[in-house]
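Trainee: Below is the structure I would like to discuss, written out as structure tokens.
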């Protein structure tokens, strides 16, 4: 309570309020551009923070992070292109709602859930920093490996009508994740002698290719298909009845996002996919998922916005940045001579309380700025298909190029687009590939590090309590899903086809 | 034969071929005395074998269940669709080839115009104006606002 009251006093400082509003606006714009990650969006502001007052500078960067994590959902819903890795899960139902002429509602649910997720995450950050920090510390390499396996077990649910095809898609993602430098020895793998592949293939290139580029290829190949329903250029918030229905998935997203956020390296992508999976498991309408379910947007959006807040826990408590974005934020602290860590609260308490006030302002600002900007976005996507697709093609080429200023990256994206188009024709789902790609490094590096620590004994995965618990949960997910499929097959019950990536 | 070559069966074959190719590369990875128990090739080999096995499993399931499926034309119109998609891909490849020479701004304008025309729009003042507007807007956004260095190409000669 003391923390809340002290932080509230900083809401009267207009430097903090202005910095928060500018930051969240800039973050939304950056996050909405495919290829421009939250960390790049923040890094672009770093030079401007040199001359700013320290608290305002930190608030500017942190608010940018909050805005960017939300901003990624805008293109995910409107043009099937996740602006950030974590928004990939929002594509599933967000774009389906858009195709049904409900883009305004989809964006409204995304915004509403994002604001709630940010506020929930902020409360967790303020009230539970110490216990959450203890959770972060207790995660060892075996626990990270088990967390990665838990993330991959979601594939069992996302595979649609064929678990085998889902697993093939996931292994494809895992295979792509092995390209580059070996995580333990540093040797090169599958680079074919190319220096461009030494750092591996960034997930965003494959995601944009699989989702957006393949969609463009599918649309141009589907000539004569009826035009999709245009959406009203107005953002639409959920009704009271729908808002009640969304409480459960939002709660799931908030809790999962909180815990995933505190763990360095786990990130918003795992949180959003796991939230989606759990929301579907506990939903009264699981068959709607993948076909425009509002819950399918609410859960991942709440999760990845909660992550944006709780990702600050290891940074503030230990000085450990858990992601590229928090690393940029650490840079902001260091520029002003502030060292995050155990003594931060004692030595620079005013910065922390000011940061909390700024994050609150950013969360509220997200709501109003989103309401102002999103109708324009809906208007843009209601333009004739020829114009819209041309612009999308230009945008994704520009965005991907901006990552490394490399034409090679564009060739990777185009190749991923071709692969995605062929996966559509052969009716393979995309999401398992994305999961495999994102989690592949975490799974392999944690697995091998664990064996190095244990002296090549596999018992380490069962002796570590967190690892054992997570592996058991993963096993329950996978075998439960297989058992359900067998039971449905015996009863000749038609399994709902997952619409994502199956048209072709 | 026609009924065997369903999408799932072809998918299974692709998985087997891909897995075999990947395995071949994985077994060629060098090992070192400093490697851990799994080594750089351990997980790739596991992935490769899993891919091959899953490919065979998918083919097997397809063969077992094919008698239940009604005969259907699995590949109707797919050749035509693939050709149309290849055209758009060709526009993207052409962009890659000319962007460093012509420059980002002009290449973008050409890309947008070509894509619109490929989607069925007729070459007109509206198309040219829209392409120019889109290209300039993206150029301003990425180069000036975001500070991304894009290939200047021919604009170098006019001092931009």
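Protein chains in written order, with the numbering used here: chain A, 10 to 513; chain B, 1282 to 1441.
Heads up, the beta-carbon is just placed ideally off N, CA and C, and yes, glycines get one too.
For clarity, every value in this text was computed on a predicted model and none was experimentally measured.
(1) List the residues that DSSP assigns as beta-bridge partners of residue 516 of chain A.
(2) Could one say the Cβ of residue 1425 of chain B lies closer than 8 angstroms to chain E's Cβ atoms, at least one of them?
(3) Within 8 angstroms (strictly less), CB to CB, does residue 453 of chain A reach chain B?
(4) Between the C-alpha atoms of residue 463 of chain A and residue 1311 of chain B, what's the straight-line distance to the nearest angstrom?
(5) Tell me which residues share the same chain as residue 147 of chain A and place their Cβ nearer than 8 angstroms to its Cβ, disregarding the 5 neighbours each side in the sequence.
(6) My output table needs one value for residue 89 of chain A: the three-state DSSP class, helix, strand or coil.
(7) Contact defined as beta carbons within less than 8 angstroms: I believe residue 86 of chain A pairs with residue 104 of chain A. What is the distance between those atoms, to the nearest angstrom?
(8) If we count the other Cβ atoms within 10 Å of its Cβ and call it buried at 16 or more, is residue 1446 of chain B buried or exposed?
(9) The alpha helix (DSSP H) spanning residue 1420 of chain B covers which residue range?
(10) Whole-angstrom Cβ separation of residue 79 of chain A and residue 375 of chain A, contact assumed at under 8 angstroms?
(11) Spell out whether any CB of chain A is found under 8 angstroms from the CB atom of residue 1438 of chain B.
(12) Measure from the alpha carbon of residue 452 of chain A to the alpha carbon of each residue in A:356, A:162 and A:264, then state which is nearest.
(13) Spatial neighbours of residue 471 of chain A within its chain, please: C-beta separation below 6 angstroms, excluding the five flanking residues on both sides.
(14) What residue from A:481, A:302 and A:407 has the CA that sits closest to residue 98 of chain A's CA?
(15) Sorted by chain position, which residues of the same chain lie with C-beta nearer than 6 angstroms to residue 483 of chain A's C-beta, five sequence neighbours on each side aside?
(16) Residue 253 of chain A: buried (16+ other C-beta within 10 angstroms of its C-beta) or exposed?
(17) When the Cα atoms are used, what is the spatial distance from residue 198 of chain A to residue 1409 of chain B?
(18) Quick test of your reading: residue 186 of chain A and residue 446 of chain A, contact by CB under 8 angstroms. State the CB separation rounded to the nearest angstrom.
(19) Considering just the uninterrupted stretch of the alpha helix (DSSP H) at residue 337 of chain A, what are its terminal residues?
(20) Is residue 109 of chain A helix, strand or coil when you go by DSSP?
(21) Report all residues from its chain with a CB closer than 6 angstroms to the CB of residue 209 of chain A; omit the five preceding and five following residues, and keep chain order.
(22) Which residue comes first and which comes last in the alpha helix (DSSP H) that contains residue 392 of chain A?
(23) Could you pull out every residue in the same chain whose Cβ sits closer than 8 angstroms to the Cβ of residue 75 of chain A, ignoring the five residues on either side in sequence?
(24) CB residue 1388 of chain B to CB residue 1379 of chain B, shorter than 8 angstroms?
(25) DSSP on residue 84 of chain A, reduced to helix/strand/coil?
(26) At the level of alpha carbons, what is the spacing between residue 149 of chain A and residue 17 of chain A?
(27) Going by DSSP in three states, residue 296 of chain A sits in which element: helix, strand or coil?
(28) Chain B partners of residue 173 of chain A, CB-CB under 8 angstroms?
Mentor: The relevant details are as follows:
(1) One cannot answer for residue 516 of chain A here, as it falls past the ends of chain A, which runs 10 to 513.
(2) In summary, chain E is missing from the structure at hand, where the protein chains are A and B.
(3) Judged by the 8 angstroms Cβ criterion, residue 453 of chain A is in contact with chain B.
(4) Each residue's alpha carbon lies about 24 angstroms from the other.
(5) The answer, listed in chain order, is 475.
(6) Under the three-state reduction of DSSP output, residue 89 of chain A falls in the coil class, being neither helix nor strand.
(7) Yes, they are in contact, since the Cβ atoms of residue 86 of chain A and residue 104 of chain A sit about 6 angstroms apart, within 8 angstroms.
(8) Given that chain B is displayed from residue 1282 to residue 1441, the structure contains no residue 1446 of chain B and the question cannot be resolved.
(9) 1406 to 1420 is the span of the alpha helix (DSSP H), which, as asked, contains residue 1420 of chain B.
(10) In this structure residue 79 of chain A touches residue 375 of chain A by the C-beta definition: roughly 6 angstroms separates them, less than 8 angstroms.
(11) Not one beta carbon of chain A lies nearer than 8 angstroms to the beta carbon of residue 1438 of chain B.
(12) Taking only the C-alpha atoms, the option nearest residue 452 of chain A is A:162.
(13) By the criterion of a C-beta distance shorter than 6 angstroms, residue 471 of chain A is surrounded in its chain by 477, once the five residues flanking it on both sides are discounted.
(14) Distance check between residue 98 of chain A and each of A:481, A:302 and A:407 places A:302 closest, using alpha-carbon atoms only.
(15) Same-chain partners within the cutoff: 158, 159 and 162.
(16) Here residue 253 of chain A is exposed. Its C-beta has fewer than 16 other C-beta atoms within 10 Å.
(17) Distance from the CA of residue 198 of chain A to the CA of residue 1409 of chain B, rounded to the nearest whole angstrom, comes to 46 angstroms.
(18) Their Cβ separation, rounded to whole angstroms, is 5 angstroms, which keeps residue 186 of chain A and residue 446 of chain A in contact under 8 angstroms.
(19) Its alpha helix (DSSP H) spans residues 333 to 344.
(20) Coil.
(21) Result list for residue 209 of chain A: 188 and 189, in chain order.
(22) Here residue 392 of chain A belongs to no alpha helix (DSSP H), and DSSP marks it neither H nor E.
(23) Correct list, in chain order: 32, 33, 36, 127, 314, 317, 318, 368, 371, 372 and 375.
(24) Cβ distance < 8 angstroms, so residue 1388 of chain B and residue 1379 of chain B count as in contact.
(25) Three-state result, residue 84 of chain A: helix.
(26) So the alpha carbons of these two residues sit roughly 36 angstroms apart.
(27) Three-state DSSP puts residue 296 of chain A in a helix.
(28) Neighbourhood of residue 173 of chain A in chain B, by CB distance below 8 angstroms: 1335, 1338, 1339 and 1342, in chain order.
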